[in-house]
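Using our numbering, read the sequence shown as starting at 76 and increasing by one per residue.
All C-beta atoms in this analysis are idealised placements derived from N, C-alpha and C, irrespective of residue type, glycine included.
One structure is given below, encoded as structure tokens.
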Amino acid sequence: MTKAGTSHDITALFGGIGGLELGLGRAGHRASLFCECDPEAVSVLRARFPDVPVTRDVRRTDELLATISPESDLLTAGFPCTDFSQAGTTRGFEGGRSSLIIDTLALLERRRFANLLLENVPNWRQLHRGAYMRHVVTALEALGYRWAYRTIDARAFGLPQRRLRLFLFATLEGDPREVLFHGDEIPDQRSFALHEAAHGFYWTEGKTGIGWGENCVPTLKGGSTVSIPSPPAILLKDGRVITPDVRDCERLQGFPIGWTDLEDRCDAVGGGSFKQRRRWLLVGNAISVEVAQWIGERLATRKPVTLEPGDALAADEPWPAAAWFDGTKRYRVPLGSWPVVRPSAPLETFLRFPGQPLSLRATQGFHKRILASSLRFKPGFVHAIGLHLARMEGATIGAPTSEPLPDAA
Numbered sequence: 076m077t078k079a080g081t082s083h084d085i086t087a088l089f090g091g092i093g094g095l096e097l098g099l100g101r102a103g104h105r106a107s108l109f110c111e112c113d114p115e116a117v118s119v120l121r122a123r124f125p126d127v128p129v130t131r132d133v134r135r136t137d138e139l140l141a142t143i144s145p146e147s148d149l150l151t152a153g154f155p156c157t158d159f160s161q162a163g164t165t166r167g168f169e170g171g172r173s174s175l176i177i178d179t180l181a182l183l184e185r186r187r188f189a190n191l192l193l194e195n196v197p198n199w200r201q202l203h204r205g206a207y208m209r210h211v212v213t214a215l216e217a218l219g220y221r222w223a224y225r226t227i228d229a230r231a232f233g234l235p236q237r238r239l240r241l242f243l244f245a246t247l248e249g250d251p252r253e254v255l256f257h258g259d260e261i262p263d264q265r266s267f268a269l270h271e272a273a274h275g276f277y278w279t280e281g282k283t284g285i286g287w288g289e290n291c292v293p294t295l296k297g298g299s300t301v302s303i304p305s306p307p308a309i310l311l312k313d314g315r316v317i318t319p320d321v322r323d324c325e326r327l328q329g330f331p332i333g334w335t336d337l338e339d340r341c342d343a344v345g346g347g348s349f350k351q352r353r354r355w356l357l358v359g360n361a362i363s364v365e366v367a368q369w370i371g372e373r374l375a376t377r378k379p380v381t382l383e384p385g386d387a388l389a390a391d392e393p394w395p396a397a398a399w400f401d402g403t404k405r406y407r408v409p410l411g412s413w414p415v416v417r418p419s420a421p422l423e424t425f426l427r428f429p430g431q432p433l434s435l436r437a438t439q440g441f442h443k444r445i446l447a448s449s450l451r452f453k454p455g456f457v458h459a460i461g462l463h464l465a466r467m468e469g470a471t472i473g474a475p476t477s478e479p480l481p482d483a484a
């Protein structure tokens with residue numbers, strides 16, 4: 076027991092760099108086993124959770140079962156999302172990595188955990204008309220689980236990063252809504268002129284969208300399909316365009332500074348040194364620590380929800396942003412993605428490190444794409460990118476613009 080309530084023993088599949096378990100740990104729960112295959116991620120786990128063993132392959136069910144603590148009552152699985160996300164291949168279970176959720180279900184068939192917490196991108200519920208979400212929840216129901224899921228935005232917890240993720244909690248006993256269905260707040264939707272606040276965007280895009288963020292960055296991503304680091308860009312109030320330092324990106328995910336900085340201390344999981352540039356991928360693929368802590372606090376002390384059950388969900392109906400299963404029926408619930416509203420520093424104030432100017436090559440490509448695009452941009456944005464391009468071409472890197480940015484309409 077924690078001071079606040081129940082403490083759970085966690086078996087963590089697809090552990091990544093431990094964001095989910097770090098947050099749950101802050102709420103009084105404890106990881107007893109990680110399963111992770113990425114060498115750099117394993118290095119981080121072994122450095123930050125030195126007393127927790129790490130296995131390497133979720134597909135080796137017999138080996139995994141032999142290492143799971145008999146006391147473990149919570150299985151977590153932030154399973155790979157590259158085949159589900161709009162930024163990935165959208166192949167779903169046919170994709171080699173996201174299909175690993177099938178191995179998770181196979182493990183549950185042989186070893187029931189009292190509780191289960193899954194995490195993935197919101198597109199999980201939409202892809203192929205919801206077939207993949209339907210497959211997972213149907214399998215859980217057959218195993219005797221009640222479940223509830225909700226889409227949650229990390230911005231609600233005071234982090235200036237727009238990061239929507241779907242969390243599904245399933246339990247063999249009790250009401251699954253008690254963990255995820257508390258709180259439904261309305262976020263501040265103010266718009267800012269370019270000189271009033273920093274704005275984040277994806278410099279790798281530009282034709283169909285740029286992930287525009289008002290006083291925040293868009294979702295941090297692991298990188299391109301060939302694992303090339305691609306942090307978002309930030310247009311600062313004075314007109315400079317930068318990419319944030321990886322240490323600030325750790326903070327945007329709720330990690331302490333340097334969580335993934337192991338210098339050259341890669342442990343023996345295949346040899347070689349720790350690849351520093353892959354810190355972007357590790358951080359971009361991580362689960363927000365602040366969101367995980369909020370979930371962990373609800374896990375420790377489950378309180379009845381005051382919501383009505385909701386409307387019955389038809390079998391062929393699209394999956395809503397929040398839904399649950401009471402053991403007999405599925406219901407849709409009108410819940411937003413902000414369970415709380417915590418104070419947030421402006422994006423530019425949040426940043427502690429100077430970052431790097433968006434490179435000449437990156438700016439040239441982005442500028443060309445937005446000029447050819449039919450998208451409508453905030454007044455002054457295209458002009459600001461043009462000024463940054465001119466500075467980079469003139470080798471006056473990082474110099475503030477001498478021309479004022481136009482106000483937003």
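Apart from the 5 residues on each side of it in sequence, Glu372 sits with its Cβ closer than 6 Å to the Cβ of Ala102 in its chain, given in chain order. Approximately 4 Å separates the beta-carbon atoms of Leu388 and Arg405; this is inside 8 Å, confirming the contact. Under DSSP, Trp399 forms a beta bridge with Ala223, Tyr406.
The alpha-carbon separation between Leu182 and Gly469 amounts to approximately 59 Å. Between Arg427 and Asp336, the CB-CB gap reaches or exceeds 8 Å.
When secondary structure is reduced to three states using DSSP, Asn195 falls in the strand class.
Residue range 175 to 185 is occupied by the alpha helix (DSSP H) that includes Arg185. By the Cβ rule, the segment 409 to 422 counts as touching the segment 256 to 266, because three or more pairs are nearer than 8 Å.
Its Cα nearest to that of Gln368, the residue Leu95 stands out among Thr86, Ala465, Pro319, Leu95. Thr130 and Leu150 have their C-alpha atoms some 14 Å from each other.
Between Phe109 and Gly80, the CB-CB gap reaches or exceeds 8 Å. In this structure the segment 266 to 276 does not touch the segment 214 to 231; the number of beta carbon pairs closer than 8 Å is below three. Around the Cβ of Gly249, a 10 Å sphere holds fewer than 16 other Cβ atoms; the residue is exposed. A Cβ-Cβ distance of about 6 Å is found for the pair Leu175 and Pro155, placing them in contact under the 8 Å criterion.
The beta carbon of Ser107 is closer than 6 Å to those of Asp84, Ser144, Ser147 in its chain, skipping five residues each way along the sequence. Secondary structure at Thr438: helix, using DSSP grouped into helix, strand and coil. The shortest C-alpha to C-alpha distance from Ser305 to any of Val133, Arg353, Arg377, Arg326 is the one to Arg353.
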